[in-house]
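I have placed the structure first, in the form of structure tokens, so that the comments after it can refer back to it.
In our numbering, the protein residues as written are 85 to 679.
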């Protein structure tokens, strides 16, 4: 840093200016004082000399020559005297090579003329001309004189050159004092640099370090004066600033963690629509909006228009606003609340964005579930009611007809029982309350036993059932009753949807990466492609070619999926219309040693 830009330089310059100003004022006042003092002394001395001349002339009544000689001896060498009688020069002690003065030049001065006219003593400073055309400042004292009965005038002249020499000496002395004062001021300024500037420089360096984030930087306390107190206050400020920054950083991280972990999206934005902060769910919403509107996220596009409209409404109504929007097939709920700088000034808003797709879908599933259960129960209840009324009303004509009606009532009651049991099983599986009983199962005889149960039914329909085992001698841990329920449902569906002459294959294979894989493949009518994502939903009705028979409840595949999920497995379906369907499920190896 340059000297003039430092505190020492400014202090030095201030002291120099102050000292210079004081010395200039002092010089002017002293010079003026000495000039006035010397002029007054000269005037007084000349007046006294003139009074002595008058006294001498009055006391000595000799010749004029003697009187004038005595008077010239009284005035000395520095004082010059002339005596005039009207316009005549009576006596002059001024040499020919000195000043030029005549009676006319004296009488031309209005002040000196009073000596002639009013006969009074006059004192005056005036400029006289020298022989070499230079001007000479002098003090003139004019006194009226009566010499031997005649009225004369005595004028005494004394040059101010001696006074000017004194003034010059005084000025030189003051300038010498000013030089010494400047040297002392400079020394004092550089002395202050170690007492004032050095601690300030250290504070500046510490402040810059703190500005760069180094909050452990301390300022050394070198003195016990105000600068030392400033250093103490600076260190206390540093500690408090470090504490506040750490608290702010923790609060920011805490808020960031909360925002990142929120399931709902959060967007904060200014009044002009500039987005300030978002969290991951909000980013997914913005990506969908940008994609649908043809923007890029990197284009710095402002907040979506639907949020700005809600913000304008919240600004005008001074309360939060709620809205909805559908983007890319997903439903989003929007809540916009204003943010205040002051109670009367809204600076922006925070938008809460909630993905309502699953909730809407669950609401629809709940509604469809009630409708499907009602539909499934309506037919057997109607049949139970109708046939029981026929028996009560004795409509049946023979015992055989009564037995047929009773058999139908029994079958429908069994169907309702199966539906209720399936619903209970599904509820237990989805709530996680169904406990699985794991056993070590030898796969080959297990699959043969299940497949053989359908041999008679398949033969009646002209369908061929086969089994293919990759590993004849393999054991696996799972719940055999629940997995048998899955296989029974899959094989039964395959038989019901495979025409005569078709075939069904049960295939077992293992994979080091995936685990035990079992496929149930048929050559039936297949499932339309648009229905494949929904076949595992409750009561979902696919194409008419796959419509379940009266013995089915429509919950088998939903139960099968939940059983496989309970085993931490995975079930899937692949199908081609009119070519066949393959259901596959995987039981992972991690289930071999369950606790």
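C-beta atoms are modelled at their ideal positions from N, C-alpha and C, and glycine is treated no differently.
All of these numbers come straight from a predicted model, not from anything done at the bench.
Going by other Cβ atoms of all chains shown within 10 Å of its Cβ, with 16 needed for buried, is residue i buried or exposed?
i, result
"residue 420", "buried"
"residue 610", "buried"
"residue 290", "buried"
"residue 506", "buried"
"residue 188", "exposed"
"residue 394", "buried"
"residue 496", "buried"
"residue 491", "exposed"
"residue 577", "buried"
"residue 406", "exposed"
"residue 222", "buried"
"residue 298", "exposed"
"residue 582", "buried"
"residue 321", "exposed"
"residue 163", "buried"
"residue 308", "exposed"
"residue 133", "buried"
"residue 369", "buried"
"residue 556", "exposed"
"residue 631", "Its pLDDT being 44, under 50, residue 631 is placed unreliably in this model, and the coordinates cannot settle the point."
"residue 450", "exposed"
Contact check, residue i vs residue j under 8 Å by CB: the rounded distance?
i, j, result
"residue 302", "residue 319", "6 Å"
"residue 165", "residue 193", "Not really, about 17 Å apart at Cβ, beyond 8 Å."
"residue 207", "residue 119", "Actually they do not touch by this definition, with Cβ atoms about 15 Å apart."
"residue 224", "residue 200", "Not a contact, Cβ separation roughly 14 Å."
"residue 536", "residue 589", "Not confirmed; about 15 Å, so no contact."
"residue 339", "residue 352", "At roughly 11 Å, the Cβ-Cβ gap does not stay under 8 Å, so residue 339 and residue 352 are not in contact."
"residue 621", "residue 644", "Contact flag wrong, Cβ pair sits at about 12 Å."
"residue 330", "residue 346", "Not a contact, Cβ separation roughly 25 Å."
"residue 706", "residue 367", "There is simply no residue 706 to check, as the chain begins at 85 and stops at 679 in what is shown."
"residue 402", "residue 444", "Not really, about 31 Å apart at Cβ, beyond 8 Å."
"residue 254", "residue 114", "6 Å"
Where does residue i sit, in a helix, a strand or coil, going by DSSP?
i, result
"residue 371", "helix"
"residue 209", "strand"
"residue 415", "strand"
"residue 242", "strand"
"residue 556", "coil"
"residue 353", "strand"
"residue 444", "helix"
"residue 708", "Absent from the structure is residue 708, since the part of the chain shown begins at 85 and ends at 679."
"residue 439", "strand"
"residue 312", "helix"
"residue 600", "strand"
"residue 666", "strand"
"residue 651", "coil"
"residue 497", "helix"
Please name the residue, chosen from the options, that lies closest to residue i on a Cα-to-Cα basis.
i, options, result
"residue 649", "570, 559 and 365", "570"
"residue 464", "667, 171, 493 and 266", "493"
"residue 264", "595, 100, 336 and 204", "100"
"residue 647", "556, 582 and 511", "511"
"residue 498", "349, 580, 461 and 595", "461"
"residue 458", "500, 435 and 486", "500"
"residue 552", "538, 133 and 532", "532"
"residue 573", "389, 249 and 669", "669"
"residue 427", "248, 252 and 399", "399"
"residue 256", "267, 108, 334 and 295", "108"
"residue 261", "110, 172, 317 and 348", "110"
"residue 442", "543, 639 and 413", "413"
"residue 548", "556, 555 and 539", "539"
"residue 314", "248, 471, 173 and 283", "283"
"residue 122", "396, 251, 592 and 167", "251"
"residue 236", "259, 203 and 554", "203"
Short of 7 Å in beta carbon distance, which residues of its chain neighbour residue i, apart from the five on each side in sequence? Order them along the chain.
i, result
"residue 417", "408, 438 and 440"
"residue 585", "546"
"residue 197", "191"
"residue 568", "534"
"residue 530", "564"
"residue 244", "221, 222 and 223"
"residue 270", "96"
By Cβ distance below 6 Å, which residues in the same chain neighbour residue i in space, the five residues on each side in sequence not counted?
i, result
"residue 355", "432"
"residue 666", "603, 605 and 658"
Enumerate in chain order the residues of its own chain whose CB-to-CB distance from residue i is below 8 Å, with the five nearest sequence positions on each side excluded.
i, result
"residue 663", "607 and 610"
"residue 138", "227, 229 and 238"
"residue 559", "524, 525, 526 and 527"
"residue 656", "667, 668 and 669"
Cβ of residue i within 6 Å of any heavy atom in the ligand ATP?
i, result
"residue 521", "Ligands in the displayed structure: none, and consequently the ligand ATP is not present."
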